[in-house]
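**Q** Structure provided below as structure tokens; questions to follow.
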């Protein structure tokens, strides 16, 4: 088991990464002393792992809530269901929510934990690659609004993250690829060496080689822990983690949160960011091709031809990376070095989106 | 204009108290530089003050949302309406919500500000005595759940509080009395001298003597600012501010949030706390009578005879002052000195509630 610490003073917490963590009842038990627990999971993950997590917490007051699976259920209605469960159980301020699942479960359960009685503990047990490398770490919690992604939420740090790499074995290939999009993101934004490592080790990751997976997850968590410790509330550097997300959120919303997995939309968005960076003369055409090639080898879509550049542009101004002065974007100054900049002029942006939408 | 500062490091903010503040467009303008503003008010307050607040912010992007008036609208549905307005306006992370109204408007607008895009600014313009002396200061925001009060919320500090004492002139006597309940609370919990001042100056307050009102509001805000600066997230001393609230929240919920104003329920609850303190031998019967007498002179109910002690007891365990170890209560060690203690045994508690329910 590897452990990385997210350093946030009194709110610091460990990320444990390793094989068999969901079956390790001691580590589970020690991660919260709460006497009242609500496990939130979904219909896909619960049959696989819920029983062992419940067993680890035997002897405490314990309830489980199983939500439907999918980004389209990450909304205020599911949030309300979690709150209702907590209230029906008359759980108190020292209760703890356990999020067992992917990014949707973690974001939803985290926002409920942030809001119930103005904030209770929550524990992240991420079971997808995307959640293990990205969404379970850093305290961003939210639900979607029908018109825009993650519009309603809170910064609320978990008390611990336990990433069991064995859980990835049951992950459908499409979900594994979606997680790889975020993995590649870390290389692109600030670690060229890791990007090159990914170019070399992508086959091992796709074959779920344990050592390769552990290394990749660990490296992503190290980068994220470092960024979050420096800029918890995204007033500066943390925004770099949103590479591809402004485009991607628009694509997700246009697909009703059903057509694209988050990681897939982010892959298309990162390709658009690379195209824009190329048009600005910051990265070479060969760099943009390297991005596209790695994403495609990971099994990710890099084009979404049924959408138009105009539709996507129209959806972007509501993104959280915008302020009243206008939209800001994360673009690539070099491969392995992202920057936050005011969005380029509309023609440049539209052309970059159009090139991203086209097949490579 | 008097100004008190709530000292919370980078999140410090001023409370301005004075006559004519809602007509003082310079002070209003200077309190936020946001280019995008949403004023949230209610159908009672908006006809009186909305136009002048809108005028002060002329030239900025400005929307207003007028909610229905009453504690029963402090729910997730109203919260969602505020979020929908922000999204329809495509407001950004540097937008500001202006809460123009009493405690319900402030709590609702504050929770929406805490949640929209994970947190935007909000400005408190409290128009009731209760909001001016208590709810607008300190960053507690929330909505009610059908089964319990303030169950869903966040700690989110405003960027400024502007309390216009002139607004109290249009306050119905019942609302003024409800505010006096919280004023009396400050005397009871930690300022015997202020309690005695209130016994002497209650007639002046009821007649809305400007100097008396200004002094009372200022003293309450000083005490609250001091407590909040020391214990923002209620891990210790801040809990004292909940004197009467555990009983009161149960009474409010049993009345469907329609029968009693918050301050009225708190008055009944403070009487119950005084009765319990007397039964424990901490305060004299004459002290309990002084509490009852002052509340009654303020026009507040001190009994709620249609409820039973059993009903109220049954509703109390869900209160936020409880943890899994059991219910805690704020009681009076002496007049002017409150303490947080584990709830007394059920017979003592039930008898105190019953005595509180009986007319004096």
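Residue numbers (my numbering), protein chains in the order written: chain A, 781 to 1140; chain B, 781 to 1140.
We put the beta carbon where it would ideally sit given N, CA and C, even for glycine.
(1) Suppose only complete runs of 4+ residues qualify. What are the alpha helix (DSSP H) ranges in the segment 1004-1068 of chain A, listed by chain order?
(2) May I have the straight-line CA-CA distance separating residue 984 of chain B from residue 960 of chain B, to the nearest angstrom?
(3) Which whole-angstrom value describes the C-beta separation of residue 1110 of chain A and residue 1118 of chain A, a residue pair presumed to lie in contact below a C-beta threshold of 8 angstroms?
(4) So, does the CB of residue 1143 of chain B fall closer than 8 angstroms to a CB anywhere in chain A?
(5) Mind reading off the beta-carbon distance from residue 1078 of chain B to residue 957 of chain B? Whole number of angstroms is fine, and I expect it under 8 angstroms.
(6) Provide the residue span of the beta strand (DSSP E) that contains residue 841 of chain B, from first to last.
(7) Which chain B residues are close to residue 873 of chain A, counting only those with a beta carbon under 8 angstroms from its beta carbon?
(8) Check the Cβ of residue 935 of chain A against every Cβ in chain B and list those closer than 8 angstroms, keeping chain order.
(9) Using beta carbons (cut-off 8 angstroms, strictly below), is residue 952 of chain A in contact with chain B?
(10) Would the segment 1091-1101 of chain B count as touching the segment 1024-1036 of chain B if we require 3 or more Cβ pairs under 8 angstroms?
(11) So, is the C-beta of residue 838 of chain A closer than 8 angstroms to a C-beta in chain B?
(12) CA-CA distance, residue 791 of chain B and residue 936 of chain B?
(13) Between residue 895 of chain B and chain A, is any beta-carbon pair separated by less than 8 angstroms?
(14) Between residue 1083 of chain B and residue 934 of chain A, how many whole angstroms is the CB-CB distance? I'm expecting something under 8 angstroms.
(15) I'd like to know if residue 819 of chain B contacts chain A, where contact means its C-beta is closer than 8 angstroms to some C-beta of that chain.
(16) State buried or exposed for residue 912 of chain A, treating a residue as buried only when at least 16 other CB atoms are found within 10 Å of its CB.
(17) Which residues of chain B have a Cβ atom closer than 9 angstroms to the Cβ of residue 1097 of chain A, listed in chain order?
(18) Quick one: is residue 939 of chain A near chain B, going by C-beta distance under 8 angstroms?
(19) Could you pull the start and end residues of the beta strand (DSSP E) that residue 879 of chain B belongs to?
(20) Please determine if the segment 1036-1046 of chain A and the segment 850-860 of chain A are in contact, where contact requires at least 3 C-beta pairs separated by less than 8 angstroms.
(21) So, residue 898 of chain A versus residue 920 of chain B, is the Cβ gap smaller than 8 angstroms?
(22) Find the nearest neighbour of residue 824 of chain B within the set B:880, B:1134, B:998 and B:992, judged by alpha-carbon distance.
(23) At the level of alpha carbons, what is the spacing between residue 1131 of chain B and residue 826 of chain A?
(24) Output, in chain order, the set of chain B residues within a Cβ distance shorter than 7 angstroms of residue 809 of chain A.
(25) Considering only residues of the same chain and omitting the five flanking positions on each side of residue 925 of chain B, which have a CB-CB separation below 7 angstroms?
(26) For residue 884 of chain B and residue 909 of chain A, what's the separation of their Cα atoms in angstroms?
(27) Between B:814, B:1126, B:893 and B:1041, which lies nearest to residue 952 of chain B when the distance is taken from Cα to Cα?
(28) Quick one: residues in its chain with C-beta nearer than 8 angstroms to the C-beta of residue 865 of chain B, no 5 flanking neighbours on either side, listed in chain order?
(29) Could you check the C-alpha separation between residue 969 of chain B and residue 1055 of chain B for me, to the nearest Å?
(30) Please report how far the alpha carbon of residue 1120 of chain B lies from the alpha carbon of residue 1071 of chain B, in whole angstroms.
(31) Give the DSSP-derived three-state secondary structure of residue 948 of chain B in the structure shown.
(32) Measuring only the C-alpha atoms, how far is residue 1064 of chain B from residue 1016 of chain B?
**A** Let me spell this out:
(1) For the segment 1004-1068 of chain A, whole alpha helix (DSSP H) runs of length 4 or above, ordered along the chain, are 1025-1034 and 1042-1059.
(2) Each residue's alpha carbon lies about 12 angstroms from the other.
(3) Contact flag correct, Cβ pair sits at about 5 angstroms.
(4) Given that chain B is displayed from residue 781 to residue 1140, the structure contains no residue 1143 of chain B and the question cannot be resolved.
(5) Going by Cβ atoms, the distance from residue 1078 of chain B to residue 957 of chain B rounds to 5 angstroms, so yes, they are a contact pair.
(6) Where residue 841 of chain B is concerned, the enclosing beta strand (DSSP E) stretches over 841-847.
(7) Within 8 angstroms Cβ-Cβ: 1100, 1102 and 1103.
(8) Ordered by position in chain B, the residues that pass the 8 angstroms Cβ test against residue 935 of chain A are 898 and 899.
(9) Closer than 8 angstroms: no.
(10) With a cut-off of 8 angstroms on Cβ pairs, the segment 1091-1101 of chain B is in contact with the segment 1024-1036 of chain B, counting three or more such pairs.
(11) For residue 838 of chain A, the answer is no, since every Cβ of chain B falls outside 8 angstroms of its Cβ.
(12) So the alpha carbons of these two residues sit roughly 10 angstroms apart.
(13) Interface residue, yes.
(14) So it is not a contact: roughly 40 angstroms between Cβ atoms.
(15) No, its Cβ sits nowhere closer than 8 angstroms to a Cβ of chain A.
(16) Burial check for residue 912 of chain A: the Cβ neighbour count within 10 Å reaches 16 or more, so the residue is buried.
(17) Here the neighbours are 870 and 872.
(18) For residue 939 of chain A, the nearest beta carbon of chain B is not closer than 8 angstroms to its own beta carbon.
(19) Looking at the DSSP string, the run of the beta strand (DSSP E) that includes residue 879 of chain B is 876-881.
(20) Yes, since at least three Cβ pairs between the segment 1036-1046 of chain A and the segment 850-860 of chain A fall closer than 8 angstroms, the two stretches touch.
(21) Residue 920 of chain B is positioned such that its CB atom lies closer than 8 angstroms to that of residue 898 of chain A.
(22) The residue with the shortest Cα to Cα distance from residue 824 of chain B is B:880.
(23) Answer to the nearest angstrom: the Cα atoms are 47 angstroms apart.
(24) Going along chain B, no residue has its Cβ under 7 angstroms from residue 809 of chain A, so there is no contact; the nearest lies around 16 angstroms.
(25) Listed in chain order, the non-local C-beta contacts of residue 925 of chain B below 7 angstroms within the same chain comprise 931 and 932, local neighbours out to five positions each way being set aside.
(26) Those two C-alpha atoms are separated by around 42 angstroms.
(27) Cα-wise, what sits closest to residue 952 of chain B is B:1041.
(28) Close CB contacts of residue 865 of chain B within its chain, under the 8 angstroms cut and outside five residues either way in sequence, are with 818, 843 and 845 (chain order).
(29) So the two alpha carbons sit approximately 15 angstroms from each other.
(30) As the crow flies, the alpha-carbon of residue 1120 of chain B is around 19 angstroms from that of residue 1071 of chain B.
(31) Three-state result, residue 948 of chain B: helix.
(32) Each residue's CA atom was taken as its position, placing residue 1064 of chain B and residue 1016 of chain B some 26 angstroms apart.
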